[in-house]
Structure formats: structure tokens, C-alpha cells
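Structure first, then comments.
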Amino acid sequence: MTTTEPEPDVRHTQAAITQVPVAPVLIVGQDEQSLYHSIGAAIANAQPGSRIVVRPGIYRETVIIDRAVEIVGDGRTADIVVECTDASCLIMRADYGVVRGLTLRSMVSSLDDEDQAAVDIPQGRLILERCDIATSARVGVLIRGVMTNPIIWRCQIHDARWAGVLVAEQGRCIIEECDIYGNIHAGIGVRSHGNPTVRRCRIYAGTRDGVYIGEQSNGIIEECDIFDNARAGIEIKHNSKPLIRRCVIRDHAQGYGVYISERSEGVLEDCDISNSGKAGIGIVQGSNPYIRRCRIHNERQRGVAGSRTKPGDS
6 MTTTEPEPDV RHTQAAITQV PVAPVLIVGQ DEQSLYHSIG AAIANAQPGS RIVVRPGIYR
66 ETVIIDRAVE IVGDGRTADI VVECTDASCL IMRADYGVVR GLTLRSMVSS LDDEDQAAVD
126 IPQGRLILER CDIATSARVG VLIRGVMTNP IIWRCQIHDA RWAGVLVAEQ GRCIIEECDI
186 YGNIHAGIGV RSHGNPTVRR CRIYAGTRDG VYIGEQSNGI IEECDIFDNA RAGIEIKHNS
246 KPLIRRCVIR DHAQGYGVYI SERSEGVLED CDISNSGKAG IGIVQGSNPY IRRCRIHNER
306 QRGVAGSRTK PGDS
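Numbering (our numbering), first residue to last: 6 to 319.
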């Protein structure tokens, strides 16, 4: 006697699928058809998990993310602008959030506030994607505190008066495939035990350092192109110990490719360092890095040097 397996009853499965809640979508725009005319108003009315779609326009406000939402630009990034004066454009006050495809433009009249930033992330995991962050404040993106672990992906970060990105106070983050340029002190600054992971970024055209790592900080910098910064491609000081690997560090005509001072260590491996004004690597003040499988070439003075000068000294 042949038995036939019964057909599976998919009705309960289908019913379960149809009962899965769909995250609501809130539309922000400056036209009469849009229910919300500011991003803040949409957040205030959003349930956790909601998507907020922002249409082109200039939104003069500080956006405070205090619940898990996704904020997405609907159009060209350059046409969707959050603009603020003497305040942060974006503040993270939730455990999770996503911001994608916005221009964040912060203008300040004074540099007295050292923590002033276009984007302030004191907690949570903010995923910041494909944003253009321009500021005349001290910092473009400020990541601080042990409760932070954001991801910054394919963003343009430029024109800050101190650092494009500052990672501090044991903050962690992942920065990938970003262009960070035209910042005054450092493209990326790491201090007070900061610990970022930076991958496949271009860090260039800074008026001092491409990457500054100080105050007993760590971090991983890998597969980055760091070039054309005025003082040093990477400066490591204050007993810091980063891992720098598979980076191209080039064209620092007035200083060093990598400058290591004040009892710092760290590892440089598989890097290509070239066309520095003073030396490919400068090691001073009791520092003791490991240098493995690096190619150091076409330096104007020396490949590896020890001296008592600072990176910007003549």
C-alpha cells in the first residue's frame, strides 16, 4: 500500500506573513502636499522603525534622533540640505538610527566651543551613509564615549576648523570609503583612548595632518589613500598604538609621511610611503613602532629618520 505525504498547509504561514507589520513611511517636504514640513516634526510623530523620506529643500533645523528611525533623502544629496547656525545639524540620542543621502551644513560665528560639531554622536549606532557634511565648526562628525559605535560610509566630510571626524573618550566607530578633505587640523583626529576602524578612505588636502592619533589612542587605519596634507600624512603621539596597514601615504611635501613621537608604538605594515619633504617615517622621543614590509621611496631627504624637530618645523 502506497502512502502519500500530505501537502503542507501554508495558510497559517501566509497569514503570519500578512500580519508582519510594515514600517510606516512619513514624508517631509516643503510643498503643500507634504504632511510634515520639518524633519523634527516627522520624528516626533514617528513610531520606532519608521522611515522618514525627505524631499528636496533647505531645512533650517537641528535634527535630534531620539528613537530608532531611518531618514532617507529622496533626490540628489546636494538638493536636500539640513542647515544650522551655531548648533549641530544632527544629534544622536537613540540606540540606533540611519541617515542617508542628506547634505548637513553647519555654520558657526565663534570657535569657543571645542565640542561644537555638525554631527554629534554621544551614544548608539548611527549609520551615516552617502551624506555631504560641510562645516565651519571645529568638528564635522564628533564620536565620543564608550556607548558609541557608529558606521560612516561613503560620506564627504570637509572644511572643519579642527577635524573632519573626531573620535574621543573611548569612542569606537567604523569609517569606510569616505572622502575627508580640506580640514584644518586633521582629516581624522583620535584622542583620549579613541579606537576607530578606518578603511578605504581618501584623506587629503588638510592644512596640517591627514590623521592625528594622540592621548593613548589605538585604532586601525587600512587600505586608505592619504595624500597632500601640509604637515604629516599620519601623526602618532602620546603613547598611542594604532595599526596602520596597506595604506598609500604620499605627497606630503613639507613634512613626513608618518611622524611618531612621545613614546608611541604601533605597527606599520605593507604600506607604500613616498614623496615626503623630510622623511617617509620620523621616529622620536622614545617611540618604538614596528615597521614591516613597507615600501619607502622617493623621499626628498631620508626614508626613516629620528630627530628632535616637530612635523611642521623647518
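We put the CB at the ideal spot given by N, CA and C, even for glycine.
The model shown is predicted, which means the values in this text are computed figures rather than measured ones.
Since Ile-278 and Ile-241 should fall inside the 8 Å C-beta cutoff, what is the C-beta to C-beta distance between them, to a whole number of angstroms? So it is not a contact: roughly 14 Å between Cβ atoms.
Asp-277 (DSSP reduced to helix, strand or coil): strand
Limits of the alpha helix (DSSP H) - the one that Gly-285 falls within: Here Gly-285 belongs to no alpha helix (DSSP H); instead the beta strand (DSSP E) covers 284-288.
Less than 8 Å between the beta carbons of Arg-236 and Glu-220, yes or no? no
From which residue to which residue does the beta strand (DSSP E) around Gly-45 run? Premise fails: Gly-45 lies in the alpha helix (DSSP H), 44-49, not in any beta strand (DSSP E).
Take the Cβ of Glu-121 as the centre, count every other Cβ of all protein chains shown within 10 Å, and call the residue buried at 16 or more, exposed below. Note that residue 121 is Gln in the sequence shown here, rather than Glu. Counting Cβ neighbours within 10 Å, Gln-121 comes out buried, since at least 16 surround it.
Nearest neighbour of Pro-61, chosen from Val-87, Ser-269, Leu-248 and Thr-67 [CA to CA]: Val-87
Give every residue of the same chain whose Cβ lies closer than 6 Å to the Cβ of Thr-212, excluding the five residues on either side of it in the sequence, and list them in chain order. Ile-189 and Ala-235
Let me check understanding here. Comparing Cα to Cα, which of Gln-290, Gly-34, Thr-202 and Val-77 lies closest to Ser-55? Val-77
When you compare only the Cα positions, how much space is there between Ile-225 and Gly-262? 17 Å
Assigned exposure category for Val-124 - 16 Cβ within 10 Å defines buried: buried
Please classify Thr-140: is it buried, with 16 or more other beta-carbons within 10 angstroms of its beta-carbon, or exposed? buried
Can you check the stretch 158-219 for any alpha helix (DSSP H) of at least 4 residues that lies completely inside it and give the ranges in chain order? none
What's the gap between the Cα of Arg-110 and the Cα of Glu-66? 11 Å
Report all residues from its chain with a CB closer than 6 Å to the CB of Gly-149; omit the five preceding and five following residues, and keep chain order. Inspection of the sequence shows that residue 149 is occupied by Arg rather than by Gly. Here the set comprises Pro-127, Ala-173, Glu-174 and Gly-176.
Are Arg-207 and Asp-230 closer than 8 Å when you measure CB to CB? yes
Taking the alpha carbon of Leu-147 as the reference point, which residue from Ala-191, Thr-82 and Glu-182 has its own alpha carbon closest? Ala-191
Write down the C-beta distance between Arg-255 and Phe-232 rounded to the nearest angstrom, noting that I regard them as a contact closer than 8 Å. 5 Å
Buried or exposed (CB count within 10 angstroms, at least 16 for buried), His-257: buried
In its own chain, which residues sit with a C-beta less than 6 Å from the C-beta of Arg-298, not counting the 5 before and 5 after it? Glu-274 and Asp-275
Under 8 Å between C-beta atoms of Arg-105 and Glu-134: yes
When the distance is taken between beta carbons, is Gly-285 closer than 8 Å to Lys-246? no
Report the residue from Trp-167, Val-33, Ala-73 and Gln-161 whose alpha carbon sits nearest the alpha carbon of Glu-182. Gln-161
Buried or exposed: which applies to Ala-168, given that a residue is buried once 16 or more other Cβ atoms fall within 10 Å of its Cβ? buried
For Asp-125, three-class secondary structure by DSSP: strand
Are the CB atoms of Ile-185 and Ile-156 within a distance shorter than 8 Å? no
Compute the Euclidean distance between the alpha carbons of Ile-96 and Gln-306, then round it to the nearest angstrom. 46 Å
Going by DSSP, what residues sit across from Met-152 in a beta bridge? Answer is none; Met-152 lacks a bridge partner.
Residues bridged to Ser-111 by DSSP? Cys-89 and Thr-140
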